[in-house]
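>
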Amino acid sequence: MKEAEDSLRFFKPILYNQKIKLNQDVILRFRDAGHILGSSIIELWIKEDSKETKLVFSGDLGKRDRPILKDPFLIDEADYVIVESTYGNKLHSPSEYDDQKLISIINNTVKRGGNVVIPSFAIERAQDIIYELNKYYDEYIETENRDFLNVSVYIDSPLTVSATEIFLRNPDCFDKETMEFISTGDNPLDFHNLKFTRSAEESKELNLSRENKVI
Numbered sequence: 001m002k003e004a005e006d007s008l009r010f011f012k013p014i015l016y017n018q019k020i021k022l023n024q025d026v027i028l029r030f031r032d033a034g035h036i037l038g039s040s041i042i043e044l045w046i047k048e049d050s051k052e053t054k055l056v057f058s059g060d061l062g063k064r065d066r067p068i069l070k071d072p073f074l075i076d077e078a079d080y081v082i083v084e085s086t087y088g089n090k091l092h093s094p095s096e097y098d099d100q101k102l103i104s105i106i107n108n109t110v111k112r113g114g115n116v117v118i119p120s121f122a123i124e125r126a127q128d129i130i131y132e133l134n135k136y137y138d139e140y141i142e143t144e145n146r147d148f149l150n151v152s153v154y155i156d157s158p159l160t161v162s163a164t165e166i167f168l169r170n171p172d173c174f175d176k177e178t179m180e181f182i183s184t185g186d187n188p189l190d191f192h193n194l195k196f197t198r199s200a201e202e203s204k205e206l207n208l209s210r211e212n213k214v215i
């Protein structure tokens, strides 16, 4: 841990969309990749002799029109592109369909007296789910669907709890829809019946609880 802490002095934060001159021949710029909080596409202008070459590099790219984060920045020119491409040739269902399917599963499971367990990455995916459940809780309050409203949602992961707190400290990375959400006085990552477990003891208590819940 000490070595990791000692390395922090070598880190330098850089804003998106700002050109940084690394030396006489190399210029760098970060663009928003829209994948997870702070993820970046890197643009590099490299001068060799009298020729300038533009290299664009990115890991995962986010989906357009997803919750919370801005869409990935569109790069319109490059000589070479290096990019992660796991889903490069796959078609995904619209997010609205996935959201409705999730809510339907929760409702049906609760009516049967069961629990819903959602495996999720601690960073970004978990926050997406919290955001969508928040929206539906608001909608169900208006329709008075008591089955859904009485279900507790547990974030059973200290890492996810910490990641969610980091998200809330960086609203400058949020998209327009999320900022409008915040402007109404609502917290996009908190809602009625959302509970965070921060210790192993709290997590173990969930195993003994007889209430219907989403974990």
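Residue numbers (UniProt numbering): 1 to 215.
Even for Gly, the Cβ is constructed at its ideal location relative to N, Cα and C.
What you are looking at is a predicted structure, and each value in this text was computed from that prediction instead of being measured.
Rounded C-beta distance between residue 73 and residue 32? I'm assuming under 8 Å.
Confirmed, about 5 Å.
> Between the C-alpha atoms of residue 160 and residue 214, what's the straight-line distance to the nearest angstrom?
When rounded, the distance between both Cα atoms is 15 Å.
> Give every residue of the same chain whose Cβ lies closer than 7 Å to the Cβ of residue 81, excluding the five residues on either side of it in the sequence, and list them in chain order.
The residues are 56.
> Taking just the CA atoms, how far does residue 23 sit from residue 50?
C-alpha separation (whole angstroms): 15 Å.
> In the DSSP assignment, the alpha helix (DSSP H) including residue 117 goes from what residue to what residue?
Per DSSP, residue 117 belongs to no alpha helix (DSSP H) and is neither H nor E.
> So is residue 131 buried or exposed if we call it buried at 16+ other beta carbons inside 10 Å?
Per the 10 Å Cβ criterion, buried.
> Tell me residue 54's beta-bridge partners as DSSP assigns them.
Paired residues: 45.
> Would you kindly check if the distance between the Cβ of residue 191 and the Cβ of residue 102 is under 8 Å?
No. Outside cutoff.
> Do you know offhand how far residue 110's Cα is from residue 62's?
Whole-angstrom Cα-Cα distance: 32 Å.
> What three-state label does DSSP hand residue 298 in the structure shown?
Residue coverage of the chain in this structure runs from 1 to 215, which leaves residue 298 outside it and unanswerable.
> Return the bridge partner residues of residue 29 from the DSSP annotation.
According to DSSP, residue 29 bridges with 43.
> If distances are taken between C-alpha atoms only, which option among 115, 38, 121, 28 comes closest to residue 206?
Ranking the options by Cα distance to residue 206, first place goes to 115.
> Which residue's Cα is closest to the Cα of residue 20: 85, 71, 42?
Nearest C-alpha to residue 20: 42.
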